[in-house]
Amino acid sequence: MADSPYAHYGVVDPEYAKAFTPRAVKYDDVLAARQFMHEKYMPMSRERQRANLPDASTYTIQNHAIPVDNGTTTIVVRVITPTVSGPFPLLYHIHGGANVLAGFVMGSIDSLGFTMAALSVELGIVVAQVGYRLAPEHKHPTQVNDCLEGLRWVVNNAPSLNIDLSKGFVIAGESAGASLTATITHLILDDPTFRGKQPTGQILGLPTVVDPRAYPEKYKAELRSLDMVENAHMAVLDKQFICDVYAKHIQNSPDDPTASPLLFKSHANLPPALLQVSGLDLIRDEGIIYDKVLREAGVQSELIVYPGIGHGTHFTYPELTLSKKFHADFKNGLRAFMPGLKK
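Residue numbers (full-length UniProt numbering): 1 to 343.
Rendered as structure tokens:
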């Protein structure tokens, strides 16, 4: 393993070692990989989630078409609401690639739909999922703009959606969704729509927060997990694909903080954060550094590292002890950030 100061987190978890199987998908053809995910992986993942799906009478699902690009097209915001009386806290969820591949280029609101329905009913919250447009068809900053417009619509329509933001307002995402979450929380700080309506928390799962072409000199000695060698085949994502997501697929400028939220000039006044990081993940060190940066800026931040498991293990192998802990920690994070959550 490369000389990361956090290399000890990469020692393979015994349960993960026993369960791990190589993925039957190549990263060099994004569209083929996306097809594989939608046709093979997502149905399997949804079947796993189905076991926890609550009775259909306990929640409603509504898909809303939200205008973007000056009204020339629309995206979907899916709103899941408990059928008991509200109003409810809000979880605005930004998907990754179903924790298989980077959500900038694949993944959808369907990937975690059953899990979000279960959370809605169990915790008594409204979950709004944003179906942002994907790269490579749509370049940066399309994904950022879509997530921001979706969030504006939800906040502006909170009363009619049975949402009470004062009870709790959390933005969360995994992988690319975590990157978008980190960016959005910066952009809304001075947005008039969110004056007096700032999030009460953010949850960043497996966050990627900086383009590898733009590692700050200050952190280069610590950002070493991308060059992981030992057991790198069990990390799930590979270095070339991570680099290609930025350079080839979303095609951002390397120093653009809206693609690399670590690069924002200030991280002050952001909502309290929970960061969940897999120890055997090539983007591990980014999450660890981002937690440090938030703390240095005076932001309340909690870092939880799950040693020895790869990217997205908590969904691919939900039966593992660390996977169960990951899901439990996410729910506990929501509880901590939502003061009006039902007890």
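Ideal placement from N, C-alpha and C gives every residue a C-beta, glycine not left out.
Note that the coordinates shown come from a computational prediction; the quantities given were computed from them, not determined experimentally.
### Query
Which residues in the same chain as Ser-301 place their Cβ atom closer than 8 Å to its Cβ, once the five residues preceding and following it in sequence are excluded?
Within the sequence shown, the letter at position 301 stands for residue 301. Cβ neighbours of Ser-301 within its own chain (closer than 8 Å, five residues either side excluded): Pro-272, Ala-273, Leu-274, Leu-275, Asp-291, Leu-294 and Arg-295.
### Task
Kindly give me the distance between the Cβ atoms of Asp-211 and Asn-252, rounded to whole angstroms, as I take these residues to be in contact under 8 Å.
Within the sequence shown, the letter at position 211 stands for residue 211. Within the sequence shown, the letter at position 252 stands for residue 252. Contact holds; Cβ gap of about 7 Å.
### Query
Is it a yes or a no for the region 141-152 touching the region 260-269, going by three-plus beta-carbon pairs under 8 Å?
No, because fewer than three Cβ pairs between the region 141-152 and the region 260-269 fall closer than 8 Å, the two stretches do not touch.
### Query
Where does Asp-285 land, buried or exposed, given buried means 16+ other C-beta within 10 angstroms?
Taking the first residue of the sequence shown as position 1, residue 285 is located at position 285. With 16 or more other Cβ atoms within 10 Å, it is buried.
### Message
Going by the DSSP bridge assignment, what does Phe-169 pair with across the sheet?
### Response
Counted from its first residue, the sequence shown places residue 169 at position 169. For Phe-169, which the question treats as bridged, DSSP gives the partners Leu-90.
### Task
Kindly give me the distance between the Cβ atoms of His-267 and Val-229, rounded to whole angstroms, as I take these residues to be in contact under 8 Å.
Mapped onto the sequence shown, residue 267 falls at position 267. Mapped onto the sequence shown, residue 229 falls at position 229. The C-beta distance from His-267 to Val-229 rounds to 31 Å, too long to meet the 8 Å contact threshold.
### Query
If you draw a straight line from the C-alpha of residue 350 to the C-alpha of Thr-200, how long is it?
There is simply no residue 350 to check, as the chain begins at 1 and stops at 343 in what is shown.
### For Leu-280, the three-state DSSP class (helix, strand or coil)
For the purposes of this step, residue 280 is taken as residue 280 along the sequence shown, with counting starting at 1. Leu-280 falls in the coil class under three-state DSSP.
### Message
Classify Leu-101: buried if its beta carbon has 16 or more other beta carbons within 10 angstroms, exposed otherwise.
### Response
Here residue 101 corresponds to residue number 101 of the sequence shown, with the count starting at 1. Residue confidence is low: Leu-101 scores 39 on pLDDT, short of 50, so the model does not pin down where it sits. No coordinate-derived value is stated.
### Message
List, from N- to C-terminal side, the alpha helix (DSSP H) runs of 4 residues or more that fit wholly inside the region 121-175.
### Response
Listed in chain order, the complete alpha helix (DSSP H) runs (minimum 4 residues) inside the region 121-175 are 142-156.
### Task
Would you tell me roughly how many angstroms separate the C-alpha atoms of Ile-109 and His-95, rounded to the nearest one?
Working through the sequence shown from its first residue, we reach residue 109 at position 109. Working through the sequence shown from its first residue, we reach residue 95 at position 95. Answer to the nearest angstrom: the Cα atoms are 6 Å apart.
### Task
Look at Ile-203 and Ala-172 and say whether their C-beta atoms are less than 8 Å apart.
Position 203 of the sequence shown holds residue 203. Position 172 of the sequence shown holds residue 172. Contact: yes.
### Message
Less than 8 Å between the C-beta atoms of His-249 and Ala-178, yes or no?
### Response
As a position in the sequence shown, residue 249 is number 249, starting the count at 1. As a position in the sequence shown, residue 178 is number 178, starting the count at 1. No, they are not a contact pair.
### Message
DSSP has Val-305 in a bridge; who is on the other side?
### Response
Position 305 of the sequence shown, counted from the start, is the residue given in the question as residue 305. Val-305 pairs with Val-277.
### Query
Between the Cα of Val-130 and the Cα atoms of His-140, His-138, Ala-176 and Val-77, which residue gives the shortest distance?
Here residue 130 refers to the residue found at position 130 of the sequence shown. The candidate whose alpha carbon is nearest that of Val-130 is Val-77.
### Message
The alpha helix (DSSP H) that contains Thr-316, what's its start and end?
### Response
One-based indexing of the sequence shown puts residue 316 at position 316. From DSSP, the alpha helix (DSSP H) with Thr-316 extends over 313-316.
### Query
Which stretch, first to last residue, makes up the beta strand (DSSP E) that contains His-64?
As a first step, residue 64 must be located in the sequence shown, where it is residue number 64. For His-64, the enclosing beta strand (DSSP E) covers residues 59-68.
### Query
Hey, how far is the Cα of Val-121 from the Cα of Val-84?
Here residue 121 corresponds to residue number 121 of the sequence shown, with the count starting at 1. Here residue 84 corresponds to residue number 84 of the sequence shown, with the count starting at 1. Taking the straight line joining both Cα atoms gives about 9 Å.
#### Entry: Inter-stretch contact at 8 Å, needing at least 3 Cβ pairs: the region 180-200 / the region 310-321
Here the region 180-200 does not lie against the region 310-321, with fewer than 3 beta-carbon pairs under 8 Å apart.
### Query
By a C-beta neighbour count over all protein chains shown, 10 Å radius and 16 as the cutoff for buried, is Arg-213 buried or exposed?
What you label residue 213 is simply residue 213 of the sequence shown in a count that begins at 1. By the neighbour-count definition (other C-beta atoms within 10 Å, threshold 16), Arg-213 is an exposed residue.
### Message
By the three-class DSSP mapping on this structure, what secondary structure does Pro-339 have?
### Response
For this step, residue 339 is matched to residue 339 along the sequence shown. Residue state, collapsed to three classes: coil.
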